[in-house]
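Residue numbers (my numbering): 4 to 95. Beta carbons are placed, not taken as given, at the ideal position from N, Cα and C, and that holds for glycine. Note that the structure is predicted; figures quoted are calculated from it, not measured.
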């Protein structure tokens, strides 16, 4: 029994086992790639979410700066008008 020659069925079985092992290695490699891509997508999504928050903050700051510029211009114009009224008008 121990001296039996391998048959074509035995060779096919061994080939199938080798093919399965190679396929498992390839699937494991693809699975690793998918996990890496998934992590990259999570990072991109987090960055996109954070970018939205930053854009909202910038819009708020622009509104505040606009209000501040208007207030300063109003103060300057009021001071100029007050100066003209206190001095008695425009000199002739």
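### Task
Express the C-alpha separation of residue 82 and residue 62 in angstroms, rounding to a whole number.
For the purposes of this step, residue 62 is identified with residue 59 of the chain shown, where counting begins at 1. For the purposes of this step, residue 82 is identified with residue 79 of the chain shown, where counting begins at 1. Approximately 30 Å, taken between the alpha carbons.
### Query
Rounded to a whole number of angstroms, what is the C-alpha to C-alpha distance between residue 73 and residue 53?
By one-based count along the chain shown, residue 73 stands at place 70. By one-based count along the chain shown, residue 53 stands at place 50. For the pair residue 73 and residue 53, the Cα-to-Cα distance works out to about 30 Å.
### Query
Does the beta-carbon of residue 14 have 16 or more other beta-carbons within 10 angstroms, so that it is buried, or is it exposed?
Reading the chain shown from its first residue, position 11 is the one you call residue 14. Exposed is the call here.
### Task
Look at the alpha carbon of residue 69 and the alpha carbon of residue 89, and state the distance between them as a whole number of angstroms.
Along the chain shown, read from residue 1 onward, the residue named residue 69 stands at position 66. Along the chain shown, read from residue 1 onward, the residue named residue 89 stands at position 86. Cα to Cα, residue 69 sits roughly 30 Å from residue 89.
#### Entry: Residue range of the alpha helix (DSSP H) that includes residue 50
Translated into positions along the chain shown, residue 50 becomes position 47. Looking at the DSSP string, the run of the alpha helix (DSSP H) that includes residue 50 is 11-90.
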